[in-house]
Structures are given as structure tokens and as C-alpha cells.
Amino acid sequence: MLLQQIFRRVIKTGSLTFIDHKGRSQHYGGSNQEPGVVIRVHDAGTEWRLALNANLEAGEAYMDGRLTIERGTLYDFMDLMLRNMGTAPLPFSGAIMLYDRLLKWWHQWNDADASKRRVQHHYDLDGRLYDLFLDTDKQYSCAYFPTPETTLEQAQLAKKRHIAAKLRLQPGQRVLDIGSGWGGMALYLAQHYGVEVLGVTLSEEQHRIATQRARDMGLSDRVTFELRDYRSLQGPFDRIVSVGMFEHVGVPHFPAFFQTVNRLLAPDGVALLHAIGRSDGPGSTAGFIRKYIFPGGYCPALSEVLPVIEKSGLYLTDAEILRLHYAETLRHWRERFLAQWDKAKELYDERFCRMWEFYLAGSEVTFRHAGHMVFQLQLTRQVETLPITRDYMLDDERAQAAGNVAGLRAPVAARSA
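Position one of the sequence shown corresponds to residue -17 (the numbering used here), numbered consecutively onward.
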């Protein structure tokens, strides 16, 4: 069968045993005695759909129980496939990629109405779901791991410090957070630098929680969250930060995004963009992710981003690539989610849990084996705005860790006492 031919061609390292819908077993890769992954497909139609369009069908088949893992885990299976597929692309993948690229602008047409609808699809899920696997600050973006022993909580704090250091903040400045999520970044900047922050989101659930957090922390006088599209804002802002939002912009809207940043940024302002990208050039969003997880989402290559920045009138003053940091972040999320499976099932159902597991596991192996990474781009309107060496970033980051940042304010609880 075609699917068996694909496995035979692809699996060169590791070990896979495939059991077809008739119960017949075929081994690929290492010896039969080698511990490996065993999968079973339960009907002929699924076998054909897997062979023709695995990017969509693998996830749907796993969600529906038409593909089951008999030995090993879903992550083991996906890791095995992605490790091998780099040297042996699947049949029809070229045709599917061409089709996706022809429809790329249609899939990523995120005007104001589409953006709100698509953001709500993912971020307005029951907030208790995210509590099951995120850190206590509800940071839903790539963490920063200084050491392999760094915990998720520590790594998310390190991420906020890393970004704050690049903004070169001063007390009293006005900061815009585009795509403010549950408010963690905005609250951190206001609390530790004495700045005023406006956070904007299109998620009603995130807006509600972030606003309540600001009240609970006694920061409502310095942090405001609004439910609105960034394109409708008026500036100027001394600093602009955007973490994990750019993936929802879409290539057709890149010019508008950077033109808006330029319009909103003060003449001596600084912007910091943190987003997922791909190191292997322009591509398309996998069918499963586009259909079930992030409609309208796309992780761009820098070759799609930098030419737009050049035309926007902004200066690119610093660029950093975070390679395996998101893979480690996703590993923590996946392990936490699996440990809370029964609670997630109470919120939704078994099929949803399998969908979410497939999303987390697939994303992790994509960062490990398929060229995804995170980029941080620092932007200004004037070439002389920032020091010409990067020493100030490291100095600020170390000062944050030591609790000695210029403008650092005592924790709210201590001030209230």
C-alpha cells in the first residue's frame, strides 16, 4: 500500500511498526527486537488519507481514535517521523504546499473582523484549560532557559527580563503592549519599571482576566487593558512591545503592522517584536493547526519580514534568534497537560484532549526538527536612539535579577503595608 511505501522510504533511523486495518503488521527502520513505536490504523480510508495529506489527517485520525499508539506515545511517533522526514519529504507534499501557498493570502486575510473571530476561537476557551499547563503568570509564549535546569516558572520570568532589557525603559514612559494576553508582561513592566502600560487584546476572556489582575495587584492606575484592534490606536508611545501576537497578523497585513508601529512610536521610541518564525524560508501553516488551533495563523520566515521593515521607515537595531527555547517550553506544557488530562476532559471531552495533545506534541517536534524558531527584533525610528553596543541589555537583565533596576518599585504588597 501507498502508506507502507511511505514508511519504508522515510524511516531510516529509529523503529516503527505499523499495523493496518486488517491487523497485518509491518516493521520499518531498526530491528524487530529494538524498542520502538507501534501504531495501528483502524480503517482503509484513514490509511489513504494519511498517505495523501498527513498534515491534516494524522491529527484528525488521532483525535477520532482511527489512529492509535500501541507502544510508545504520540510524542514518540511524531518525533520519529519529523526526525526522518527532513531527508525524505512525503509524496504529494509538494503539491499540497503549492496549493497552500496559492491560498496563503486567503488563509491569512486577517482584517479587523476576521482577527477578532479567529483570536476568540483559541484564546476565549475556558480559562481553566490554560491554568492546567501554563506557568502561574499565564505566559503563553516562548520562555527563556538560561540553563537546562531552569524551571518553567523561572524561564518565563527570564523571558520577561530579557525583553524588558531590550526596551531600555525609564520610569514614567508610556508603553503599548500589542496582544497583551492575560496581562503578565504589562504588569511586570509597570511594577518593576514605573511605566504606564496600555495592553490591547481581541480576546474577551484575556481582557477580563488581565483587568482583574491589575486590580488585584493595585496597578490599575498604571496598567490599562482594552478590547480593541491595535490598528485603531492613537499614539505616541515611548515603547511598544508585542509578544506572541505577530503570528496572527498574516503576510498580507505585514505592511500595515509595521506602518502602525511607526505611526504609534515616539520619535525616540523603541519597539520589541517577539514572534515565531521559520528558518527554512517561506512556507504555509500545517492543515491541522490552521483548521483546529490557529485559524489565520502563520509563522513567517525573516525573508518575509525584513523587507517590509525596510520599507516601513523603521530601523532594525537588534535581532536575536532563540532556537530550542520554545521546544523546551512546549515540553513543559505538554508534560503538565498530560498530567492534568482528567481535569481537561472534565472541561471539554476526550477528543478535545487528544487534539490538544497533538497540537503540543506536534509543535514541540517542529521546533526540534523542522526549522521553527523564535526571533526578537528591536526597532527604532532614529538610528541614534540606543547605545551602539549591547552591554546595556546585559546590565539591565542582571540588575533585574538582582532586584536593582533603575526605577524599580517595591512589590505592591510591601507598599500597601
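All C-beta atoms, glycine included, are put in the ideal place defined by N, C-alpha and C.
- Distance from the Cα of Pro128 is smallest, within the candidate group Tyr308, Trp323, Tyr112, for Tyr308.
- Contact between the region 326 to 339 and the region 217 to 228 is absent: fewer than three C-beta pairs spanning the two stretches fall below 8 Å.
- Of the candidates Leu111, Ile145, Asn37, His24, Ile145 places its Cα closest to the Cα of Leu361.
- The C-beta distance from Glu131 to Thr118 rounds to 19 Å, too long to meet the 8 Å contact threshold.
- Under the three-pair Cβ rule at 8 Å, the region 239 to 255 does not count as touching the region 2 to 19.
- In this structure, the CA atom of Leu284 is about 15 Å from the CA atom of Thr299.
- Shown here for Arg204: same chain residues with a beta carbon closer than 6 Å to its own, the five before and five after excluded, namely Ala172, Glu178 in chain order.
- Bounds of any alpha helix (DSSP H) do not take in Tyr212, whose DSSP letter is neither H nor E.
- In the structure shown, the three-state DSSP call for Thr55 is coil.
- In the DSSP assignment, Ser294 falls within the alpha helix (DSSP H) that extends over 284 to 294.
- When secondary structure is reduced to three states using DSSP, Arg363 falls in the coil class, being assigned neither helix nor strand.
- Across the structure, Tyr57 and Val287 are spaced so that their CA atoms are roughly 31 Å apart.
- Under the three-state reduction of DSSP, Phe349 is assigned to helix.
- Distance from the CA atom of Gln241 to the CA atom of Val252, rounded to whole angstroms, is 14 Å.
- Contact annotation: Val157 and Phe239 have beta-carbon atoms that are not nearer than 8 Å.
- Listed as beta-bridge partners of Ile303 by DSSP are Phe357.
- Exclusion of the five residues before and after Thr193 leaves Phe207 as the residues of its chain whose Cβ lies within less than 6 Å of its Cβ.
- For Val23, the number of other beta carbons within 10 angstroms of its own is at least 16, and it is reported as buried.
- Counting only runs of 3+ residues, the beta strand (DSSP E) found wholly inside the region 131 to 190 occupies 156 to 160, 178 to 183, in chain order.
- Using a Cβ distance threshold of 8 Å, Gly166 and Gln121 count as a contacting pair.
- By the C-beta density criterion, Glu328 is exposed, having fewer than 16 other C-beta atoms within 10 angstroms.
- In the structure shown, Tyr10 adopts extended strand secondary structure according to DSSP, grouped into three states.
- Leu247: member of the beta strand (DSSP E) spanning 247 to 260, first to last residue.
- Rounded to whole angstroms, the Cβ separation of Leu49 and Val19 is 12 Å, and the two are not in contact under 8 Å.
- In the DSSP assignment, the residues bridged to Val20 are Thr(-1), Arg53.
- Secondary structure at Leu298: strand, using DSSP grouped into helix, strand and coil.
- Its Cα nearest to that of Glu186, the residue Asp211 stands out among Asp211, Val233, Asp198, Ala147.
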